[in-house]
Structure formats: C-alpha cells, structure tokens
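Participant: Read in this note's numbering, the sequence shown has 492 at position 232, and its numbers run on one by one without any break.
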Amino acid sequence: ARLVPTDKAPHRKQTKQKQRDRTVRVHYYESNKMIRASLLLSIIYANVITTSALVSPIGLKRHGERKHASLFSRRGSDIESDSLLSLLSEDETDISSQQKKKIMLRNEVSSLESQFTSTEEHDDPKRFNPLIGLYEVASVITNNDKENPVGGKWTRSGGFAQKLFKTRKTYQHILPFNSTGLARYDGQTSVAEAINVVSLDGLGGLLRATVILRGDAVPLTPQELKDMNTNRTITLLSNLAIRANFDAPRIFFGKRQRRSKNAFKYLPLQLGPISDVVLDTSFNDQFVRIGMGGTSGTRFIFTRTSDDDDEALEYKALLQQPPAKKPKLLGMMTSILLASFYIAFGNGIKLAASITPSFVTTSAAFSPLVNLLSAVKMSVGGLIRITAGVTGLLAGLGALLIAFSSGGIERDGMQAEAA
Numbered sequence: 261a262r263l264v265p266t267d268k269a270p271h272r273k274q275t276k277q278k279q280r281d282r283t284v285r286v287h288y289y290e291s292n293k294m295i296r297a298s299l300l301l302s303i304i305y306a307n308v309i310t311t312s313a314l315v316s317p318i319g320l321k322r323h324g325e326r327k328h329a330s331l332f333s334r335r336g337s338d339i340e341s342d343s344l345l346s347l348l349s350e351d352e353t354d355i356s357s358q359q360k361k362k363i364m365l366r367n368e369v370s371s372l373e374s375q376f377t378s379t380e381e382h383d384d385p386k387r388f389n390p391l392i393g394l395y396e397v398a399s400v401i402t403n404n405d406k407e408n409p410v411g412g413k414w415t416r417s418g419g420f421a422q423k424l425f426k427t428r429k430t431y432q433h434i435l436p437f438n439s440t441g442l443a444r445y446d447g448q449t450s451v452a453e454a455i456n457v458v459s460l461d462g463l464g465g466l467l468r469a470t471v472i473l474r475g476d477a478v479p480l481t482p483q484e485l486k487d488m489n490t491n492r493t494i495t496l497l498s499n500l501a502i503r504a505n506f507d508a509p510r511i512f513f514g515k516r517q518r519r520s521k522n523a524f525k526y527l528p529l530q531l532g533p534i535s536d537v538v539l540d541t542s543f544n545d546q547f548v549r550i551g552m553g554g555t556s557g558t559r560f561i562f563t564r565t566s567d568d569d570d571e572a573l574e575y576k577a578l579l580q581q582p583p584a585k586k587p588k589l590l591g592m593m594t595s596i597l598l599a600s601f602y603i604a605f606g607n608g609i610k611l612a613a614s615i616t617p618s619f620v621t622t623s624a625a626f627s628p629l630v631n632l633l634s635a636v637k638m639s640v641g642g643l644i645r646i647t648a649g650v651t652g653l654l655a656g657l658g659a660l661l662i663a664f665s666s667g668g669i670e671r672d673g674m675q676a677e678a679a
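#1: Under a Cβ-count criterion, where at least 16 other Cβ atoms within 10 Å of its own Cβ denotes burial, should Lys268 be classed as buried or exposed?
#2: Use the C-beta contact count for Val650: other C-beta atoms within 10 angstroms, 16 or more gives buried, fewer gives exposed.
#3: Pull up the CB-CB distance for Gly554 and Leu496, whole angstroms please, since I reckon it's below 8 angstroms.
#4: Suppose you measure from the CA of Ala655 to the CA of Phe601; what does that come to, to the nearest Å?
#5: Please return the same chain residues whose Cβ sits closer than 8 angstroms to the Cβ of Gln581, not counting the five positions on each side in sequence.
#6: Whose C-beta lies closer than 7 angstroms to the C-beta of Ala398 among residues of the same chain, with five residues either side of it excluded?
#7: Quick check on DSSP: helix, strand or coil for Gln422?
#8: Quick one: using the 10 Å Cβ neighbour count with 16 as the cut-off for buried, is Ile318 buried or exposed?
#9: Does DSSP classify Met592 as helix, strand or coil?
#10: Return the chain-ordered list of same chain residues with a C-beta closer than 7 angstroms to the C-beta of Ser378, the five sequence neighbours on each side being excluded.
#11: Give every residue of the same chain whose Cβ lies closer than 7 angstroms to the Cβ of Thr449, excluding the five residues on either side of it in the sequence, and list them in chain order.
#12: Note down the Cα distance separating Thr481 from Ala504, rounded to an integer number of angstroms.
#13: Given a cut-off of 8 angstroms, decide if Lys426 and Leu460 are closer than it, judged by their beta-carbon atoms.
#14: I'd like to check one pair, Glu373 with Ile550: are the Cβ atoms closer than 8 angstroms?
#15: Our contact map puts Asp718 next to Arg444 with C-beta atoms below 8 angstroms; I'd like the distance itself, whole angstroms only.
#16: Closer than 8 angstroms by C-beta to Lys576: which residues in its own chain qualify, once you throw out the five before and the five after it? Chain order, please.
#17: Which residues mark the beginning and the end of the beta strand (DSSP E) in which Lys406 is found?
#18: Could you compute how far the alpha carbon of Asn403 sits from the alpha carbon of Gln422?
#19: If you follow the beta strand (DSSP E) that Glu368 is part of, which residue opens it and which one closes it?
#20: Which term fits Asn456, buried or exposed, when burial requires 16 or more other beta carbons within 10 angstroms of its beta carbon?
#21: Could you have a look at Asn456 and say whether DSSP puts it in helix, strand or coil?
#22: Report back the beta-carbon spacing between Val548 and Leu391 to the nearest angstrom; my notes put them in contact at under 8 angstroms.
#23: Spatial neighbours of Thr565 within its chain, please: C-beta separation below 6 angstroms, excluding the five flanking residues on both sides.
#24: Could you tell me the boundaries of the alpha helix (DSSP H) in which Asp342 lies?
#25: Would you mind stating whether Pro409 and Ser535 have Cβ atoms separated by less than 8 angstroms?
#26: Just list the residues that DSSP pairs Val538 with in beta bridges.
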C-alpha cells in the first residue's frame with residue numbers, strides 16, 4: 261500500500277472544505293436570486309391584478325360608449341338628458357335585455373318630450389338655432405320592428421348591401437343655411453341644411469361606401485301644420501317641424517390607398533330621385549336631440565359630436581367632389597357591354613386571340629393553367645369568351661343600376677327621415 265505523506269492530509273481537508281463552502285455559497289446565491297426573482301414577479305403580478313381591477317371597468321365602459329360621442333364624459337352632469345345618456349351607454353347582448361332597454365328608452369324619451377317646449381314664437385326662425393350641430397344616430401325607436409328607417413336599403417339586415425359592407429357610422433347633421441353651397445332654396449324659404457350620412461366598410465376596411473343625402477330644411481307653414489295634425493292619432497307635430505327637401509343621393513365608392521390607412525380614393529356618383537320628408541324635433545338640449553318622423557312617429561335619438569370630429573366632418577370633402585355624369589357612365593358601361601359580347605359571341609374572339617400575349621401560352625409559368633384547360637378540353641379562346649361574357653353581364657347590370665337605381669331610398673321616404 262502506498263503511504264500518503266502526513267503533511268498533505270490537512271491540505272486536502274482544507275481544499276475539500278473550501279469546495280464545500282464554495283458550493284454552499286453558490287447554492288445560497290442561486291437560491292437568493294430565485295427568491296428575489298419570484299418576489300419581483302409576485303409584485304408585478306399583484307400590480308397587474310390590482311391595476312386590472314381598477315382600470316377595466318372604466319376602459320370597458322368607455323369602449324362601449326365610444327360610438328355615442330364620448331357619452332362617458334357627460335355622465336353625472338346636471339342635464340336633462342343624463343338618464344337617457346346613461347341608458348344609451350349600456351351595451352346589451354341578449355335579446356331579453358335589448359327588449360328591456362328598448363322599453364326603458366321609450367319611457368325616458370316620453371318623459372323628456374313631456375317636459376320640452378319651444379320657447380320661441382311659431383314664426384320666429386330663431387327657434388331652429390338651438391338645433392344646429394353635428395349629430396350621430398345613437399338609437400332608433402320604431403313602432404314596427406320590421407321597419408328600417410335609418411339607411412334604407414344600405415343598412416337593411418339581410419339586404420344585398422349588408423352582404424358586401426358593414427355599417428360603420430350614421431349621422432344626421434343640422435347646419436346653418438347653405439353651409440355646403442349646394443342649397444336649392446333661398447334663405448327666406450329654408451332655415452337650415454340637413455345632411456344625412458351612412459358610412460359603410462367592406463373587405464376589412466379596404467373598401468368604403470358613403471351615402472349622403474343633402475337637403476334644405478323648410479319649416480311647415482301654420483296651415484300645413486294644422487292639416488297634418490288634424491285627425492292625427494300619434495304625437496302632434498310642433499312648431500319645430502320641417503320638410504327636408506333632399507337632393508338625389510350622392511354615393512361615394514372608395515378604395516383605401518396604400519400610403520395611408522385613412523385615405524381613400526373615391527368614385528363619386530349621384531343616383532336616384534329627389535325626395536322629401538317631414539321631421540319634427542320633440543326634445544333638444546346641449547347633448548341630445550330627439551327627432552320624430554312626421555308620418556311614422558318613429559323616434560330618432562341623436563347625440564351631439566364635437567365640432568372637430570374628423571369622422572363627423574367627412575361629408576365636407578366628399579360633397580366637394582363633382583359626381584360623375586350619368587350619361588358618361590351609361591356610355592362607358594354600354595361600350596364595355598358591346599365589346600365584351602362581341603368577343604364572347606362574335607368574331608371578336610379572333611381579335612382577342614391575336615392581341616393575347618404569346619407568353620400566356622408559351623411561358624412555363626402559365627403551362628399548368630394551359631395544361632389544365634387542355635385536360636378539360638377548354639381552349640384559351642374559350643376562357644376568353646367566358647371572361648368576356650361575364651364582363652359584359654356585369655357591365656349590363658351596372659348600366660341598369662345607374663339608369664334605374666333609387667340610390668337606396670325606400671318607400672314612403674323612410675330612409676330620408678334619418679340618415
């Protein structure tokens with residue numbers, strides 16, 4: 261057996277002790293590090309929970325009230341419409357809650373209307389001054405659930421327009437006389453301008469359609485008011501009742517530009533007939549205006565927006581764009597129709613084939629498509645015929661829409677009663 265010198269034994273013991281001490285210190289350091297990290301995470305987590313508990317209710321409420329022109333900031337104010345604003349700020353999802361909210365809204369509207377009277381004389385045009393402002397449609401109370409008084413065919417549930425677009429905003433602004441410069445009546449006849457706006461988005465915001473009805477507000481004469489109130493079974497009209505004489509609807513189809521998410525390039529059209537409708541104001545204060553359809557009795561609850569609201573002011577730039585001429589559009593659509601049908605059904609296929617780039621049939625990139633068409637015994641010429649036929653059909657439908665479209669106005673001027 262090999263003997264170990266006795267003088268090295270203490271040294272080895274010291275080395276082992278140092279290693280054990282180092283290991284203990286490392287473990288202590290790591291443990292201490294883990295404890296501090298766990299403590300820090302616990303504090304952060306507690307702060308998140310506390311912050312969420314304190315902030316979420318306000319954030320959710322503000323999010324739900326955003327569409328009602330910052331109603332949250334108006335809550336608690338000493339105003340007549342405070343209870344109505346509170347009801348409008350509540351978002352109900354289930355049907356029973358929605359029905360209950362509708363009843364409560366109707367009762368609150370009736371209460372406000374019973375306390376409201378116009379302080380000006382019947383023939384004083386100043387009585388309309390308090391109504392001037394920018395308004396968003398907050399709610400509609402109809403006597404028939406099947407009625408669609410806001411937006412007409414553009415917003416009707418299940419309609420063709422709603423399959424392509426979704427309603428984004430609806431407004432009805434009351435502006436001083438001839439604010440847009442498009443008035444058809446003089447200042448002695450008209451007291452204000454009514455601007456109805458329906459804004460819709462499609463394809464996730466890539467497309468936008470905006471429908472604008474601009475009209476001149478003409479007060480009802482005492483005789484007209486008397487005639488309309490005779491034998492009237494619904495709420496009588498007041499001295500704030502006006503007849504809004506609307507121009508033909510202006511329709512703007514827009515495509516979002518690549519450089520800016522909020523910039524759109526529009527095709528302005530003016531389609532459909534002129535229309536008119538009677539609209540009364542049954543309540544008004546600094547935050548809310550309640551309108552009443554002259555024939556239907558439908559209630560429209562409008563909330564004021566700020567004077568610098570960009571979305572509410574979009575109508576200004578759009579109305580400055582001259583609409584495309586109807587004869588020019590019809591001529592363009594007819595030309596496309598004839599050219600497409602000539603290619604699809606006449607000798608135009610030879611012309612189409614001659615101008616078709618050769619790389620379509622010779623390029624390797626298009627070979628799978630050519631092989632697929634050959635597999636189903638369809639030539640490139642046949643594909644061109646089908647494409648031309650579909651193009652002609654769409655052009656024909658477009659020409660019919662331009663020639664006979666109502667612009668979205670439904671029967672009895674229901675759409676014109678509100679945006």
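In this text, a Cβ means the ideal position worked out from N, Cα and C, and glycines have one as well.
Facilitator: Once the coordinates are examined:
#1: Low per-residue confidence applies at Lys268: pLDDT is 49, beneath 50, and the placement is therefore not dependable enough to give any value.
#2: exposed
#3: In fact, because the Cβ distance is near 11 angstroms, the residues do not count as touching under 8 angstroms.
#4: 10 angstroms
#5: Phe512, Tyr526 and Pro528
#6: Closer than 7 angstroms at Cβ, skipping near neighbours: His328, Leu348, Ile561, Phe562 and Thr563.
#7: The answer is helix: DSSP assigns Gln422 an H, G or I state.
#8: Below a pLDDT of 50, predicted positions are generally treated as unreliable, and Ile318, at 28, falls in that range; the measurement from the model is reported next regardless. Result: exposed.
#9: helix
#10: Arg387, Ser498, Asn499 and Leu500
#11: These residues qualify, in order along the chain: Val478.
#12: In this structure, the straight-line span from the alpha carbon of Thr481 to that of Ala504 is close to 13 angstroms.
#13: yes
#14: yes
#15: Beyond the ends of the chain as shown, which are 261 and 679, falls residue 718; an answer cannot be given.
#16: Thr440
#17: No beta strand (DSSP E) contains Lys406, which DSSP labels as neither H nor E.
#18: 23 angstroms
#19: From DSSP, Glu368 is part of no beta strand (DSSP E) but of the alpha helix (DSSP H) over Ile355 to Gln375.
#20: buried
#21: strand
#22: Contact doesn't hold; Cβ gap of about 11 angstroms is too wide.
#23: Ala329, Leu394, Glu396 and Ala572
#24: First-last of the alpha helix (DSSP H) with Asp342: Asp342 to Leu348.
#25: no
#26: Arg503
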